[in-house]
Amino acid sequence: MKLLTKTTLLYWGASLIGFLIAGFLVIQLMGQEMRHEVDEDLAYQQAEISAFLAEVDAAAVVALPMVTTQALPPDAQIDPAVHLRDSTYTEEDEGEVEYLPLRILQWQQTVGGKPYAFTIARALLEQDDALEAILWAMVPVILALSLLTAIFLRFMSQRLWRPFRESLAVIAAFRPHGAQEPHFPASSTTEFAQLTAILQQMTAKVRHDYQIQKAFAENAAHELQTPIAIVQAKLETLLQSRALTDKDMQDIGAMLEALQRMRRINQGLLMLTKIENRQFSEMTPLPIAPVVQRHLASMAELAALKGITIHWKALAEPAPLLNPILTDLLIGNLLANAIQHNHPQGRLEICLHATHLDIANTSEAQALDAAQLYQRFQKQDAASQGTGLGLAIVKEICEAMGLKISYAFQENLHTFTIRFAIQN
Amino acid sequence: MKLLIVEDETQLHDLLRQEMRSLGHVAEGARTVAEALEKVDLYRYDAVILDIGLPDGSGMQVLRRIKAHAPQTGVLILSAKDSLDDKLQGLDLGADDYLTKPFHTAELISRLKAIFRRRNLQGRVELQFEPLVMFPEENRATMAGMALDLTPKEFELLLYFATNAGRVLTKVEIAEHLWGDLADTYDDFDFIYAHVKNLRKKLLEKDGWDFIKTIYGVGYKFIAP
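Top line first, the protein sequences correspond to chains A and B. Going by this note's numbering, the first sequence runs without a break in its numbering and finishes at 427. Going by this note's numbering, the second sequence runs without a break in its numbering and finishes at 251.
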């Protein structure tokens with residue numbers, strides 16, 4: 004849920020509770036006030052009547068308006084106290100009987116020597132009516148307030164939180180290897196200014212560390228080339244010596260093979276760093292079909308040796324914006340993999356569509372782990388002579404040229420699909 | 027042949043000169059651009075093996091000088107960077123061939139000999155290992171006067187052997203000579219075995235001499251009769 008929504012809802016919730024409590028209290032207080040007023044009124048009236056009755060004789064009692072009189076037994080004790088209490092009276096309204104609230108005051112007094120009990124009453128405004136009146140008054144106010152608050156919150160939120168949202172966007176787009184330093188927005192709000200400062204520092208560090216790491220890998224690979232070249236050259240010379248036994252020669256042969264692997268891994272790592280450095284950044288519209296065909300031609304022999312049948316179909320002739328060198332390497336690597344990991348008498352199917360290229364091969368291996376697939380030095384078959392970098396390079400190339408690569412295993416076919424950017 | 031080796035890395039420099047000498051060539055050396063320019067100005071060479079990455083400049087300067095003063099000199103460029111730019115620039119400036127480091131010595135020898143053949147020998151070029159005669163520029167070979175029916179790869183292979191006669195060649199370098207970067211897709215070198223087997227058969231058919239000797243666990247060696 005968005006922050007603004009949360010804030011608004013919480014505010015409304017709190018307001019609602021506040022208003023409910025306030026409303027309840029108001030009704031109670033008003034009720035009490037009304038009663039108080041009525042009581043005072045009754046008391047005043049009682050005092051007047053009492054004073055009047057003190058002057059007259061018993062006959063006047065009968066004619067008192069608005070007073071209920073009751074004669075008491077002649078020897079009754081006069082209760083000197085005045086009693087106030089609630090009562091009700093009934094009213095019939097269209098067949099329905101309503102009980103309406105009353106406040107009554109009762110007292111006893113001797114008039115002309117005879118004891119009487121008197122009752123005067125006031126009708127209280129129906130609580131319902133009071134409630135209704137209050138509610139009718141309050142509800143529009145509450146609604147209007149809530150609406151205004153919501154509008155105000157929304158408006159203010161947009162402005163106040165803009166630096167935050169901008170920072171979020173910058174972070175989302177952040178790449179350690181990006182060409183530009185990320186720029187975080189300045190703000191007069193203390194917390195956002197703090198956020199900007201911290202983020203700036205953090206991203207700078209990440210970029211720096213990344214560069215160092217990259218430089219290290221690059222330098223290491225580069226430096227290794229010369230010693231490897233020397234060892235290889237010297238071993239090859241050594242191999243020519245007539246002083247070697249057969250066993251010696253085999254050992255040297257094994258050393259040279261291991262050296263070859265070292266060399267290839269090194270080359271692979273160097274290639275990866277070059278691609279990451281975006282050293283191959285020139286893109287031109289490149290027809291893909293000829294590239295595939297060229298590689299198939301050079302691999303025809305190898306495929307034939309393993310008895311692999313190749314089905315190559317071009318359903319379209321796409322020429323997306325690509326870098327020629329990288330594309331060559333990409334397709335070359337994928338096809339080489341497809342042949343290398345194939346089993347004898349297997350199949351290799353390549354299909355070129357307008358938007359994507361499918362390369363599928365049979366293999367003895369089961370479905371590959373898609374999560375680990377492109378990691379460096381991940382090898383399907385640990386014993387194979389491959390460098391384990393082929394797919395890592397493929398992935399890096401795709402990333403450099405904005406292509407999407409996906410893997411699927413269906414009907415015994417390992418299929419890699421490369422999607423090109425859709426041309427308009 | 028008189029060669030100039032321009033390479034700053036000492037081990038490689040010494041190794042190359044030694045190798046060339048053992049092949050019967052005269053091999054002089056230079057380790058910097060300055061030294062190389064001096065030598066090129068003073069002497070004529072049949073071929074120059076030229077490293078691009080030199081401490082005091084680029085080998086391209088030397089290449090330009092050679093092309094200006096002694097254009098008939100064969101030039102083979104070496105470089106640790108396999109950048110396309112260097113390669114193209116070198117070939118554009120007139121270098122005969124290009125090798126990236128690290129390379130197999132046999133590969134260097136093979137390419138050097140190809141440069142020699144193209145530049146220094148006019149008319150028909152032949153490699154003679156009686157009864158085998160090879161015509162590299164025509165992609166054909168004969169055995170005891172009869173034409174050998176070889177596939178392109180088989181001819182390549184035979185030429186590589188022949189130009190490195192007497193040298194133990196590992197499966198690795200043979201693979202890389204024939205297939206370049208694709209060589210690492212060929213896991214078990216079975217294909218090399220297949221090609222050599224076929225080649226041998228074709229050679230033996232025409233003559234009793236087994237030119238190709240197997241060095242178990244390592245590779246092969248071409249032995250002239």
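Just so you know, even glycine gets a beta-carbon here, dropped at the ideal spot from N, CA and C.
Please work out which residues of its chain come closer than 7 Å, Cβ to Cβ, to residue i, disregarding the five sequence neighbours upstream and downstream, and give them in chain order.
i: Gly-149/B; result: Low confidence applies here, because Gly-149/B scores a pLDDT of 47, under 50, leaving its location unreliable; read the following figure in that light. Excluding sequence neighbours, Gly-149/B sits near nothing in its chain.
i: Ser-170/A; result: Phe-187, Pro-188, Leu-198, Thr-199 and Leu-202
i: Leu-337/A; result: Ile-362, Val-397 and Phe-419
i: Thr-11/A; result: Ala-153 and Leu-156
i: Gly-83/B; result: Val-59
Quick one: residues in its chain with C-beta nearer than 6 Å to the C-beta of residue i, no 5 flanking neighbours on either side, listed in chain order?
i: Ile-75/B; result: Ile-31 and Leu-102
i: Phe-187/B; result: Phe-248
i: Arg-210/A; result: Pro-179
i: Glu-221/A; result: Thr-276
i: Ala-395/A; result: Tyr-377 and Arg-379
i: Thr-390/A; result: Arg-267, Ile-268 and Gly-271
Which residues in chain B have a C-beta closer than 8 Å to the C-beta of residue i? List them in chain order.
i: Thr-240/A; result: Leu-41, Gln-44, Glu-45 and Thr-131
i: Met-286/A; result: Those within 8 Å of Met-286/A in chain B number zero; the least Cβ separation is about 15 Å.
i: Leu-253/A; result: Residue identity differs from the one stated: residue 253/A is Gln in this sequence, not Leu. What Gln-253/A touches in chain B: Tyr-242, Gly-243 and Val-244.
Could you tell me whether the Cβ of residue i comes closer than 9 Å to any Cβ of chain B?
i: Leu-308/A; result: yes
i: Lys-237/A; result: yes
i: Ala-339/A; result: yes
i: Ala-257/A; result: yes
i: Gly-349/A; result: no
i: Gly-335/A; result: yes
Which residues in chain A sit within 9 Å of residue i, going by Cβ to Cβ distance?
i: Arg-90/B; result: What Arg-90/B touches in chain A: nothing, since even the nearest Cβ is about 26 Å away.
i: Glu-35/B; result: Thr-229, Ala-232 and Ile-233
Near residue i, which residues of its chain fall below 8 Å by C-beta distance, leaving aside the five closest residues on each side in sequence?
i: Asn-190/B; result: Ala-132, Ile-135, Ser-136 and Phe-248
i: Leu-247/A; result: Leu-241 and Ile-255
i: Val-65/A; result: Thr-72
i: Met-33/A; result: Ala-133 and Ile-137
i: Ser-53/A; result: Trp-110 and Gln-112
i: His-225/A; result: Leu-273
Taking CB distances under 9 Å as the criterion, tell me whether residue i reaches chain A.
i: Arg-193/B; result: yes
i: Lys-223/B; result: no
i: Ala-250/B; result: no
i: Leu-138/B; result: no
i: Gly-149/B; result: With a pLDDT of 47 at Gly-149/B, under the threshold of 50, the modelled position of that residue is not reliable, and the figure given next carries that caveat. Output row for Gly-149/B: interface = no.
i: Trp-235/B; result: no
What does residue i touch in chain A if you count any residue whose Cβ is under 8 Å from its own?
i: Lys-252/B; result: Because chain B is modelled from 27 through 251, residue 252/B falls outside the range shown and cannot be assessed.
i: Ala-220/B; result: Leu-308
Who are the neighbours of residue i on chain B, taking C-beta pairs under 7 Å?
i: Gln-263/A; result: Val-198
i: Arg-266/A; result: Pro-128
i: Glu-260/A; result: Val-198
i: Gln-243/A; result: Arg-193 and Val-194
i: Asp-458/A; result: Because chain A here runs from 4 to 427, residue 458/A falls outside it and cannot be looked at.
Chain B partners of residue i, CB-CB under 9 Å?
i: Asp-331/A; result: The premise fails here: Asp-331/A is roughly 10 Å from chain B at the closest Cβ pair, so nothing lies under 9 Å.
i: Gln-296/A; result: Under the 9 Å cutoff, chain B gives no residues; its nearest Cβ is about 15 Å from Gln-296/A.
Identify the contact partners of residue i in chain A, using a Cβ-Cβ distance below 7 Å as the criterion.
i: Phe-217/B; result: Leu-305 and Leu-308
Taking 8 Å as the cut-off, is the beta-carbon of residue i closer than that to any non-hydrogen atom of the ligand MN?
i: Asp-216/B; result: Here there are no bound small molecules, and the ligand MN is not part of this structure.
Determine the chain E residues that contact residue i at a beta-carbon separation under 7 Å, and present them in chain order.
i: Leu-38/B; result: Absent from the structure: chain E. Protein chains present are A and B.
Next on the checklist: Short of 7 Å Cβ to Cβ, which residues in the segment 220–231 of chain A face chain B?
Outcome noted: Here the close residues are Gln-228, Thr-229 and Ile-231.
Checklist entry - At what residue ranges does the segment 76–161 of chain A contain a whole run of the beta strand (DSSP E), taking only runs of 3 or more? => result With a minimum length of 3 residues, the unbroken runs of beta strand (DSSP E) contained wholly in the segment 76–161 of chain A fall at 86–96, 99–114 and 117–126.
Item to check | Continuous beta strand (DSSP E) assignments of at least 3 residues falling wholly in the segment 305–389 of chain A | outcome: Fully enclosed beta strand (DSSP E) runs of 3 or longer: 312–317, 350–355 and 359–365.
Item to check | Residues of the segment 67–80 of chain B with Cβ closer than 8 Å to any Cβ of chain A, in chain order | outcome: Listed by position, the residues of the segment 67–80 of chain B near chain A (Cβ gap below 8 Å) amount to none.
Checklist entry - What residue ranges within the segment 178–250 of chain B form continuous alpha helix (DSSP H) runs of no fewer than 4 residues, ordered along the chain? => result Runs of the alpha helix (DSSP H) spanning 4 or more residues and lying entirely within the segment 178–250 of chain B occur at 178–189, 197–205 and 216–232, in chain order.
Item to check | Completely contained alpha helix (DSSP H) runs for the segment 53–78 of chain A, where each covers 4 or more residues | outcome: Whole alpha helix (DSSP H) segments, 4+ residues: 62–65.
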